[in-house]
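Student: The structure's right below; bear with me while I get my questions together.
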Amino acid sequence: MDARLEAVRDTVLARNPGEAEFHQAVVEVFESLGPVHDRHPEFLEAAILERLCEPERQIIFRVPWTDDSGRVQINRGFRVEFNSALGPYKGGLRFHPSVYLGIVKFLGFEQIFKNALTGMPIGGGKGGSDFDPSGRSDAEVMRFCQSFMTELYRHIGEYTDVPAGDIGVGGREIGYLFGQYKRITNRYESGVLTGKGISWGGSLVRPEATGFGTVIFTEEMLKTRGSSFDGQRVVVSGSGNVAINAIAKAQALGAAVVACSDSSGYVVDEAGIDVGLLRQVKEVERGRLKDYVLRRSGVSYVEAGSVWDVDATVALPCATQNELDGGAAARLVRNGLLAVGEGANMPSTREAVAVFQEAGVLFGPGKAANAGGVATSALEMQQNASRDSWSFEHTEQRLTDIMVGIHDRCASTADEYGEPGNYVLGANIGGFVKVADAMLAQGLI
């Protein structure tokens, strides 16, 4: 790392003790930025990095609610409004037992650069709760969401902060959250949340956007080697919204997606994952991959195993942070891996990224490869602001154009800074420079 940045890094890590994921995200970005400060010493003089790593606002609150047996439950809610230099804070809400301040800050920090890369006028933020919606009834989820929004509503707005979904927050949760916001404020402010239902302000393609966008970005990387998804053997981690839509898009482009996973294990389906059956099991019935296996012949299931033990030419990690480590990366490389597109946020450890880059594997970091979700959220905001509704085809084309643009911006930035093909450097510098320029223009705030 550039010596001038080490002191800043050390200060940031010391000011945020015990937040391992946030530390990881900060260090990964800092390692790319030495060449930028050679060209732009004004960024150092204006303490852009110090300001960028300190959220503009951190909100932590109590969320009390009652379960179906009448017992009072208490969870903790978070919203980290990280940077608004480019527009209102924008980023999802995650409901999962693992959520704590460090997770939310890592996600919000990544969101700053991701949102900048889209070219859309949106800043970076993130939020969530340690509430676990799995196994809860609709009534329990509704009561939790209503309590959560009863505090959150005072901090958000279509020109202030626009949350969306993430792990554990899908259409059901967004509906309950939006209903409570509308009830409290007495305003039908449809642009305050994205990921809404199509009939009440949502956007076509938004459910598909993160998975589709990951595949589009990865396809653009493959094109630089004269290849494509056609004929590739693909392994996807996860089996939620992002994973399902990544599988669907990859198979539409001619790939064979032979494996996916959930927290209990993974399934191998050499005939290609049946997307319709997977949607039924996971999205309609809220079941497990074991239920997929029971309804499909010729399928094997490995309990508590690693999906990265399955050979692949393209890997799409779409589950959660740090799920793909150095050992798994080395196995994938030995077995002929060509490309990795991160559908989740920071799913590859630093050791895994080093293995991929040293082996010459095409590697699309999450802040670039999975930006399709937030980009389409911004398109949803556009439709809400104009009281308009676009067709699936028009919105998908907009998504495709944005993802191709992100790829080209990352690739050209890597070329400009002397590291062709280094999408990590290209994404970090491309996003950072755009935000830094805006922060300089707006003064010391």
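With positions in the sequence shown counted from 1, the corresponding number in the working numbering is that position plus 3.
Note that beta-carbon positions come from the ideal geometry of N, C-alpha and C, so glycine has one too.
All of these numbers come straight from a predicted model, not from anything done at the bench.
1) Classify Gly243: buried if its beta carbon has 16 or more other beta carbons within 10 angstroms, exposed otherwise.
2) For Ile432 versus Pro38, is the C-beta distance shorter than 9 Å?
3) Give every residue of the same chain whose Cβ lies closer than 7 Å to the Cβ of Gly200, excluding the five residues on either side of it in the sequence, and list them in chain order.
4) Report yes if the C-beta distance between Ala441 and Ala88 is below 9 Å; otherwise report no.
5) Quick one: residues in its chain with C-beta nearer than 6 Å to the C-beta of Gly80, no 5 flanking neighbours on either side, listed in chain order?
6) Hey, Ile125 and Pro91 are a contact pair by Cβ (cut 8 Å); roughly how many whole angstroms apart?
7) Is there a C-beta anywhere in chain D that falls below 9 Å from the one on Arg390?
8) Mark Tyr162 as exposed unless 16 or more other C-beta atoms lie within 10 angstroms of its C-beta, in which case mark it buried.
9) Run the proximity test for Lys185: is its beta-carbon closer than 8 Å to any non-hydrogen atom belonging to the ligand COA?
10) Can you list, in chain order, the residues of its chain whose CB lies under 8 Å from that of Ala262, leaving out five sequence neighbours each side?
11) Can you have a look at Asn373 and say buried or exposed, based on whether 16 or more other CB atoms are within 10 angstroms of its CB?
12) Should Met224 go down as buried or exposed, given a rule of 16 or more other Cβ atoms within 10 Å for buried?
13) Give a yes or no on contact between the stretch 345 to 353 and the stretch 106 to 115, applying the rule of three or more CB pairs nearer than 8 Å.
14) Excluding the 5 residues flanking Val469 on each side, which residues of the same chain have their C-beta closer than 7 Å to its C-beta?
15) Between Arg291 and the rest of its own chain, which residues show a CB-CB distance below 7 Å, the 5 nearest in sequence each way excluded?
16) Between the beta-carbon of Gly329 and the beta-carbon of Val358, is there less than 9 Å?
17) Write down every uninterrupted run of the beta strand (DSSP E) in the stretch 44 to 83 whose length is 3 residues or greater and which is fully enclosed by it, in chain order.
18) Compare the C-alpha of Gly369 against each of Ala333, Gln283, Arg401, Gly214 and name the closest.
19) In or out: Asn118 buried (at least 16 other Cβ within 10 Å) or exposed?
20) Where does Phe25 land, buried or exposed, given buried means 16+ other C-beta within 10 angstroms?
21) Which whole-angstrom value is the C-beta distance of Leu120 and Ala444, which I expect to be below 8 Å?
Tutor: So, from the data block:
1) Residue numbering aside, residue 243 sits at position 240 when the sequence shown is read from its first letter. The residue is buried, with at least 16 neighbouring Cβ atoms inside 10 Å.
2) For the purposes of this step, residue 432 is taken as the residue at position 429 of the sequence shown. For the purposes of this step, residue 38 is taken as the residue at position 35 of the sequence shown. Against a cut-off of 9 Å, the Cβ pair of Pro38 and Ile432 comes out as a contact.
3) Translated into the one-based positions of the sequence shown, residue 200 becomes position 197. Excluding sequence neighbours, Gly200 sits near Gly174, Gly178.
4) For the purposes of this step, residue 441 is taken as residue 438 along the sequence shown, with counting starting at 1. For the purposes of this step, residue 88 is taken as residue 85 along the sequence shown, with counting starting at 1. For Ala441 and Ala88, yes; Cβs fall inside 9 Å.
5) Taking the sequence shown and counting its residues from 1, one reaches residue 80 at position 77. Phe64, Val66, Ser132, Phe151, listed in sequence order.
6) One-based indexing of the sequence shown puts residue 125 at position 122. One-based indexing of the sequence shown puts residue 91 at position 88. Indeed they touch by this definition, with Cβ atoms about 7 Å apart.
7) In the structure shown, chain D does not exist; there is a single protein chain.
8) As a working note, residue 162 is residue 159 in the sequence shown. By the neighbour-count rule (16 or more Cβ atoms within 10 Å), Tyr162 is not buried but exposed.
9) Only the bare structure without any ligand can be found here, which leaves the ligand COA out of the picture.
10) What you label residue 262 is simply residue 259 of the sequence shown in a count that begins at 1. Only Val238, Val239, Tyr269, Val270, Val271, Asp272, Ile276, Val310, Val313, Ala315 meet the Cβ criterion.
11) Residue numbering aside, residue 373 sits at position 370 when the sequence shown is read from its first letter. Counting Cβ neighbours within 10 Å, Asn373 comes out buried, since at least 16 surround it.
12) The sequence position of residue 224 within the sequence shown is 221, counting from 1. Buried: at least 16 other Cβ atoms inside 10 Å.
13) yes
14) Because residue 469 is not part of the residues shown, which for the chain are 4 to 448, the question remains open.
15) In the sequence shown, the residue the question calls residue 291 occupies position 288. Closer than 7 Å at Cβ, skipping near neighbours: Asp265, Ser267.
16) By 1-based counting over the sequence shown, the position of residue 329 is 326. By 1-based counting over the sequence shown, the position of residue 358 is 355. Result yes, Cβ atoms of Gly329 and Val358 sit closer than 9 Å.
17) 60 to 69
18) What you label residue 369 is simply residue 366 of the sequence shown in a count that begins at 1. It is Gly214.
19) Position 115 of the sequence shown, counted from the start, is the residue given in the question as residue 118. Buried, because 16 or more other Cβ atoms sit within 10 Å of the Cβ of Asn118.
20) Counting from one through the sequence shown, the residue named residue 25 turns up at place 22. Buried, because 16 or more other Cβ atoms sit within 10 Å of the Cβ of Phe25.
21) The sequence position of residue 120 within the sequence shown is 117, counting from 1. The sequence position of residue 444 within the sequence shown is 441, counting from 1. Wrong, their Cβ atoms sit about 19 Å apart, outside the cutoff.
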